[in-house]
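A.B. asks: Numbering (mature numbering (1 follows the signal peptide of the UniProt record, and there is no 0)), first residue to last: -20 to -1, 1 to 888. For each residue, glycine too, the CB sits at the ideal point set by N, CA and C. Structure incoming, see below.
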């Protein structure tokens, strides 16, 4: 009796509530469902596009039966919309849809992440048309069950509609609204003539949403909590794109699913503290409604794909063709010159020059200076081949040779004295020349062609004897009496002990810094290439393994937020999602190999001349050491390999793969430029690579822990390192860091700064002053601005310092009366143009891993070249060409000095 009373009261309550509710849906009729007294379960034949209102409570259930005809040729879907304002999280309304091949269920209010409840839910039922292949015009019945466990009656409203525009067409856009509780999805099938399409979504709203492509099967995962279960998906704010190959989905069919996130934290990376709102609050649900446009367009065809790949490699093959043609023409010219008995001379090639070479009346680079020009010291100061040849060929004892004597031995004939060009009566103005004046030469012209030079010998000079410990290289040749003591002989070790003298002169020449054995230095610099090869192998192998793992993880999980691609121009190939970004690094590899070929050719040619006893190759021009050039070529190849690995899956975790060898290239470039005129005092390979390793380590720390404390420490260390490097360069390595450093700094300030009107080493002072101003400015900018991309900030430091030193080198070279060959001038102009174009494309960023994946997609852009390459790919091409031209300039910059004595080549 009591049960019947409760049942009657519940029915009356529900009836009054339903009648009070109004119809808010437009274009649909409303029908009130009345429950018979005592009936717990009722089945209602339902019609589409009609609103049904009813109520349920504990123990009761309403079942709506919908029937429709399937149509395989034109798939349709059913969308169900339900709403209830009386349900709560403790007593929700339960909705279950039964179809022929699946069940779909949800509750109202729909709880998102256990916090946000939505009292209005719309779901699209999985259409059976796609699954009933071969069955046409068969009637399908769908059952919608409504139940609740609430002791009080809960009212609801339900409406079902048929989506006749459920299928997407190629090139046509579709607009719709989505929210966390009202996801949407549509079906698409690739036409037979397409093998690859690009699915793009866009929205004017910044709300965070998820965009997914899923195979045609039930159930379809379209809620925030399960959309990541199958298929491919991305988070997005205003735009996103996924390129799909037909082979990825069976028959090229898939669903395009879009749902809005409950919060924007997944897209912005910032935590939100939004309090749960009342489910009856309409404004709460409207805040998360997003307008979305979907369009499926064709990607490039197979022929366009192959053409773009072929053109990419053809560009760099042309560099090989042009290079080998130039080398062949040069070989023909040299061969004809040898047959005619004429040696090729650099002055025949012309060049750019702003000052005249030095003469007897003016110093090479120190005109209008009051300081004395001490000239070069050492073996290369004065060339006397006839005396040495006579000593070695006539059996003259080495006990008769010294650098401290004032006159020739009696055993030396007058002709020998004249041939040696030694004048004991001629006064000298050079205190370091010990009564000798060097033969005046013009830069770039062999001594035999100088106006005051020795006549051209009728027979070529005999080969220079190999250097050994038993044949020291004295800077000047005199004879001693037989009673001379052994202590009077100045051995090579004494020259090493005089570093503090000849390296701290006011004006230095290459001869002063090229005193060490050439073979020993070559072995020292060859360590750069061999060590770099070892580093590359041990670095590259785990990198390749890691990026392959990343790519497999993306393909397995479908989570494209793992990698930061330009999805609007991502051309897949096999398992690679963005093959174009990987392939465009081929320029670094091919041009790096070409650099190695050109360096080997120069090395081989120079070694042949040395073996033949060519004095110009041995004692003239800039000392030829090719170890650093080999290392630069290897670094360029490895930059292509590592950048390719990075672009397999670019993200926050592997950014250093793309920049590590850029640091090495910048460091090696500066070392090579410095080594050119400082061969004896350049850093060894171990110290150089250890320093670069520290730089890479600091770059990683700066990206991972870029806090204000890090920037403070970095700025202090950066400034101290600049000061230490300044002292090292200014004093040519003749300083040391110990407990007496403060006393020496006091003496330096007292003598050089307070009592002198200008610095002792003026040229170095200007370079270091400008360098310190720029680097201190960079340190201040970093400390104040704290840029997000610390890796690029570090790379900018390397590039700016390299360019500063390169410009200084060019200016000093021209100021010293030296020439730059026209071919080198042309290369410099081409290099500047290429770098300008490259940097313009670099700053058109298409991705950025400093932000979230959704924010990075805001920078994504369409392809700009052949429908295959984007702006960053063009940066790869242009930067590879720019670096190739830059290294050619380094390789050929001092070719005008090949016939200039080293004691006439200034150091700067």
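#1: Are there three or more Cβ pairs, one per stretch, closer than 8 angstroms when the stretch 520 to 530 is compared with the stretch 679 to 695?
#2: Assuming residue 185 contacts residue 271 under a Cβ cut-off of 8 angstroms, what Cβ separation, rounded to an integer in Å, is found between them?
#3: Is the Cβ-Cβ distance between residue 771 and residue 639 less than 7 angstroms?
#4: Check the C-beta distance from residue 128 over to residue 74 and give it rounded, since I have them as a contact under 8 angstroms.
#5: Let me confirm a value: residue 250 is counted as buried when at least 16 other C-beta atoms fall within 10 Å, else exposed. Which label applies?
#6: So, are the CB atoms of residue 894 and residue 570 less than 7 angstroms apart?
#7: Please work out which residues of its chain come closer than 8 angstroms, Cβ to Cβ, to residue 528, disregarding the five sequence neighbours upstream and downstream, and give them in chain order.
#8: What residue range is occupied by the uninterrupted beta strand (DSSP E) comprising residue 904?
#9: Could you check whether the stretch 846 to 854 touches the stretch 789 to 809, counting it as contact only if at least three pairs of C-beta atoms, one from each stretch, sit closer than 8 angstroms?
#10: According to DSSP, is residue 770 part of a helix, a strand, or is it coil?
#11: What are the partner residues of residue 277, as DSSP defines its beta bridges?
#12: Taking the runs of the beta strand (DSSP E) that are 3 residues or longer, which of them lie wholly in the stretch 55 to 85?
#13: Residue range of the alpha helix (DSSP H) that residue 167 falls in?
#14: Helix or strand or just coil, what does DSSP make of residue 879?
#15: Does residue 420 come out as helix, strand or coil in the three-state DSSP assignment?
#16: Exposed or buried, which one is residue 6 when buried takes at least 16 other CB atoms within 10 Å?
#17: State the Cα-Cα distance for the pair residue 57 and residue 219, rounded to the nearest angstrom.
#18: Is DSSP giving residue 746 helix, strand or coil here?
#19: Please classify residue 551 as buried or exposed, where buried requires at least 16 other C-beta atoms within 10 Å of its C-beta.
#20: Secondary structure at residue 42, three-state DSSP: helix, strand or coil?
#21: Residue 41 to residue 199, Cα distance in whole Å?
#22: Are the Cβ atoms of residue 672 and residue 644 separated by less than 7 angstroms?
#23: At the 7 angstroms Cβ level, is residue 304 part of the contact set with chain D, yes or no?
#24: Take residue 288 and list the residues in its own chain whose beta-carbon comes closer than 6 angstroms to its own, dropping the five residues that flank it on each side.
#25: Who are the Cβ neighbours of residue 506 in its own chain at under 6 angstroms, not counting the five residues just before and after it?
#26: Please report how far the alpha carbon of residue 268 lies from the alpha carbon of residue 102, in whole angstroms.
#27: Helix, strand or coil for residue 270? Go by DSSP, reduced to three states.
#28: Three Cβ pairs or more, each shorter than 8 angstroms: is that satisfied between the stretch 585 to 593 and the stretch 652 to 667?
#29: Express the C-alpha separation of residue 623 and residue 530 in angstroms, rounding to a whole number.
#30: So who's on the other strand from residue 539, going by DSSP bridges?
#31: Going by DSSP, what residues sit across from residue 655 in a beta bridge?
#32: Measure how close the beta-carbons of residue 234 and residue 194 come, nearest whole angstrom, since I'm counting them as under 8 angstroms.
#33: State the Cα-Cα distance for the pair residue 292 and residue 641, rounded to the nearest angstrom.
#34: Let me confirm a value: residue 684 is counted as buried when at least 16 other C-beta atoms fall within 10 Å, else exposed. Which label applies?
#35: Between residue 243 and residue 541, which are expected to be in contact by the criterion C-beta below 8 angstroms, what is the C-beta distance as a whole number of angstroms?
#36: Roughly how many whole angstroms lie between the Cα atoms of residue 259 and residue 860?
C.D. replies: With the structure as the only source:
#1: The way I'd put it, the stretch 520 to 530 doesn't touch the stretch 679 to 695; fewer than three beta-carbon pairs between them come closer than 8 angstroms.
#2: Residue numbering aside, residue 185 sits at position 205 when the chain shown is read from its first letter. Residue numbering aside, residue 271 sits at position 291 when the chain shown is read from its first letter. With a Cβ gap of about 6 angstroms, residue 185 and residue 271 count as contacting.
#3: One-based indexing of the chain shown puts residue 771 at position 791. One-based indexing of the chain shown puts residue 639 at position 659. Yes. Within cutoff.
#4: Locating residue 128 in the chain shown gives position 148, counting from the first residue. Locating residue 74 in the chain shown gives position 94, counting from the first residue. Residue 128 to residue 74, Cβ: 6 angstroms. Contact.
#5: Against the chain shown, residue 250 aligns to sequence position 270. Exposed, because fewer than 16 other Cβ atoms sit within 10 Å of the Cβ of residue 250.
#6: The structure shown does not extend to residue 894, since the chain spans only -20 to 888, so no value can be given for it.
#7: Taking the chain shown and counting its residues from 1, the one referred to as residue 528 is at position 548. Counting only Cβ-Cβ distances below 8 angstroms, and skipping sequence neighbours, we find 628.
#8: For the chain, the structure presents residues -20 to 888; residue 904 sits outside this window and is missing.
#9: no
#10: Here the question's residue 770 lines up with position 790 in the chain shown. Three-state result, residue 770: helix.
#11: Sequence index remark: in the chain shown, residue 277 carries index 297 (1-based). For residue 277, which the question treats as bridged, DSSP gives the partners 178.
#12: 57 to 63, 73 to 78
#13: Your numbering for residue 167 matches position 187 in the chain shown. Run containing residue 167: none in the alpha helix (DSSP H); it sits in the beta strand (DSSP E), 164 to 169.
#14: If you number the chain shown from 1, residue 879 lands on position 899. Looking at residue 879 - three-state DSSP - the assignment turns out to be coil, as it is neither helix nor strand.
#15: Counted from its first residue, the chain shown places residue 420 at position 440. Unreliable positioning characterises residue 420 in this predicted model, as indicated by a pLDDT of 43, which lies under 50. A coordinate reading is not provided.
#16: Counted from its first residue, the chain shown places residue 6 at position 26. Interpretation of residue 6 is limited by its pLDDT of 44, a score under 50 that renders its predicted location unreliable; no figure is taken from the coordinates.
#17: Position 77 of the chain shown, counted from the first residue, corresponds to residue 57. Position 239 of the chain shown, counted from the first residue, corresponds to residue 219. Spanning the two alpha carbons is a distance of roughly 26 angstroms.
#18: Within the chain shown, numbered from 1, the residue matching residue 746 stands at position 766. Three-state result, residue 746: helix.
#19: For the purposes of this step, residue 551 is identified with residue 571 of the chain shown, where counting begins at 1. Flag for residue 551 reads buried.
#20: Position 62 of the chain shown, counted from the first residue, corresponds to residue 42. Of the three classes helix, strand and coil, the one that applies to residue 42 here is strand, per DSSP.
#21: The residue given as residue 41 occupies position 61 in the chain shown. The residue given as residue 199 occupies position 219 in the chain shown. Roughly 24 angstroms separates the two Cα atoms.
#22: Within the chain shown, residue 672 is the residue found at index 692, counting from 1. Within the chain shown, residue 644 is the residue found at index 664, counting from 1. In contact: residue 672 and residue 644 (Cβ atoms closer than 7 angstroms).
#23: Structure shown: chain D not included; a single protein chain is present.
#24: One-based indexing of the chain shown puts residue 288 at position 308. If we look at residue 288 and ignore the five residues flanking it on each side, its Cβ neighbours are 846, 848.
#25: Locating residue 506 in the chain shown gives position 526, counting from the first residue. The residues are 607.
#26: Taking the first residue of the chain shown as 1, we reach residue 268 at position 288. Taking the first residue of the chain shown as 1, we reach residue 102 at position 122. Cα to Cα, the separation comes out at about 14 angstroms.
#27: Working through the chain shown from its first residue, we reach residue 270 at position 290. Here residue 270 sits in strand by DSSP.
#28: no
#29: One-based indexing of the chain shown puts residue 530 at position 550. One-based indexing of the chain shown puts residue 623 at position 643. Looking at the two C-alpha atoms, the distance is approximately 15 angstroms.
#30: In the chain shown, residue 539 corresponds to position 559, counting from 1. DSSP output for residue 539 lists 213 as bridge partner(s).
#31: Numbered from 1 along the chain shown, position 675 holds the residue referred to as residue 655. In DSSP, residue 655 forms no bridge with anything.
#32: For the purposes of this step, residue 234 is taken as residue 254 along the chain shown, with counting starting at 1. For the purposes of this step, residue 194 is taken as residue 214 along the chain shown, with counting starting at 1. With 8 angstroms as the limit, residue 234 and residue 194 qualify as a contact, their Cβ atoms being about 6 angstroms apart.
#33: Stepping through the chain shown from its first residue, residue 292 is reached at position 312. Stepping through the chain shown from its first residue, residue 641 is reached at position 661. Each residue's Cα considered, the two are about 23 angstroms apart.
#34: Counting from one through the chain shown, the residue named residue 684 turns up at place 704. Label assigned to residue 684: exposed.
#35: Residue numbering aside, residue 243 sits at position 263 when the chain shown is read from its first letter. Residue numbering aside, residue 541 sits at position 561 when the chain shown is read from its first letter. No, residue 243 and residue 541 are not in contact; Cβ-Cβ is about 16 angstroms, not under 8 angstroms.
#36: Counting from one through the chain shown, the residue named residue 259 turns up at place 279. Counting from one through the chain shown, the residue named residue 860 turns up at place 880. Note that residue 259 scores a pLDDT of 49, beneath 50, so its modelled location is shaky; the value from the coordinates is reported in the next line. Between the alpha carbons of residue 259 and residue 860 lies a distance of about 59 angstroms.
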